[in-house]
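One structure is given here, and the rest of the page talks about it.
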Amino acid sequence: MTHEKVLREIRSFIYERFQGEPTGHDYWHMERVANVAKGIAKKEGGDPFVAEVAGWLHDVADAKLVDNQANAVKEQKRLLESLIESKDLILSIESAMKDISFRGKHKTPETLEGKIVQDADRLDAIGAIGIARTFAYGGKAGQLIHSTPTEDEKMKDNNTSIQHFYDKLLLLKDLMNTETARNMAQERHEFMQRFLEEFYSEWGSSN
Ligand code: NI
Numbered sequence: 014m015t016h017e018k019v020l021r022e023i024r025s026f027i028y029e030r031f032q033g034e035p036t037g038h039d040y041w042h043m044e045r046v047a048n049v050a051k052g053i054a055k056k057e058g059g060d061p062f063v064a065e066v067a068g069w070l071h072d073v074a075d076a077k078l079v080d081n082q083a084n085a086v087k088e089q090k091r092l093l094e095s096l097i098e099s100k101d102l103i104l105s106i107e108s109a110m111k112d113i114s115f116r117g118k119h120k121t122p123e124t125l126e127g128k129i130v131q132d133a134d135r136l137d138a139i140g141a142i143g144i145a146r147t148f149a150y151g152g153k154a155g156q157l158i159h160s161t162p163t164e165d166e167k168m169k170d171n172n173t174s175i176q177h178f179y180d181k182l183l184l185l186k187d188l189m190n191t192e193t194a195r196n197m198a199q200e201r202h203e204f205m206q207r208f209l210e211e212f213y214s215e216w217g218s219s220n
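Residues 14 to 220 (this note's numbering) make up the sequence shown, in order.
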């Protein structure tokens, strides 16, 4: 099967799987990660096909998105085996999807393509798109947008979408594995800082 055909099949698998996903892990997240991973791989000397396929599939077996992770891993393997003959190629794709999640311990993937997919996934969590995804996720999870520190214990809420910037989003630019991603992250980081400044200024002027 040609690479083009493999990618077409994977794209429709992902569309079926993630089309209605409301937390920011939707089909379009997968497409952006796949495209950005391919672009970084071309610049960094990784295998663009491995990076792109792993980008498309990187959330299929993510523990936070599926109930049964073992089943999802099996299903993903079956899909790859039905499309790709080379066992080595399948192995490279699988290892490029290992250890890329931010949650738990911060692990660095072993292969260059894994590092690239992790970078692409993290780039999609910051900048304008990262901001949009954060509030989409927060809404779905029932979180507040923001809450001003207050003496009143009842009104204190640290589990807000704005807090998520400090817990995760603003840390990501220093966690990029590749030079290409580090440069991309810098711009997106500065945009988030400008967003927060404007946000606080509007919030404050309502007092
Ligand atoms: Ni992802």
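Note that CB positions come from ideal geometry on N, CA and C, so glycine has one too. Everything numeric in this text was worked out from a predicted model, so none of it was measured.
Whole-angstrom distance between F31 and T191, CA atom to CA atom
Here residue 191 refers to the residue found at position 178 of the sequence shown. Here residue 31 refers to the residue found at position 18 of the sequence shown. Cα to Cα, T191 sits roughly 28 Å from F31.
In whole angstroms, what separates the C-alpha of Q89 from that of A67?
Within the sequence shown, the letter at position 76 stands for residue 89. Within the sequence shown, the letter at position 54 stands for residue 67. About 11 Å.
When we look at the beta-carbon of H119 and count the other beta-carbons within 10 Å, is it buried (16 or more) or exposed?
As a working mapping, residue 119 is identified with position 106 in the sequence shown. For H119, the number of other beta carbons within 10 angstroms of its own is below 16, and it is reported as exposed.
Using the beta-carbon count (16 or more within 10 Å), is K87 buried or exposed?
Residue mapping note: residue 87 aligns to position 74 of the sequence shown, counting from 1. Looking at its Cβ environment, which holds fewer than 16 other Cβ atoms inside 10 Å, K87 is exposed.
D60 lies in the alpha helix (DSSP H); which residues open and close that run?
The sequence position of residue 60 within the sequence shown is 47, counting from 1. Unbroken run through D60: none, as it is neither H nor E.
Examine the Cβ distances between the region 129–137 and the region 150–164 and report whether three or more of them are shorter than 8 Å.
They do not touch, by the three-pair rule.
Answer with buried or exposed for S218, where buried requires no fewer than 16 other C-beta atoms within 10 angstroms of its C-beta.
Residue mapping note: residue 218 aligns to position 205 of the sequence shown, counting from 1. It counts as exposed.
Closer than 6 Å by C-beta to R45: which residues in its own chain qualify, once you throw out the five before and the five after it? Chain order, please.
Position 32 of the sequence shown holds residue 45. Correct list, in chain order: D137.
Quick check: what's the CA-CA separation for M14 versus E22?
Indexing the sequence shown from 1 puts residue 14 at position 1. Indexing the sequence shown from 1 puts residue 22 at position 9. Those two C-alpha atoms are separated by around 10 Å.
Between the C-alpha atoms of K100 and T173, what's the straight-line distance to the nearest angstrom?
As a first step, residue 100 is located in the sequence shown; it is residue number 87 there, counting from the start. As a first step, residue 173 is located in the sequence shown; it is residue number 160 there, counting from the start. In this model, K100 and T173 are separated by some 45 Å (Cα to Cα).
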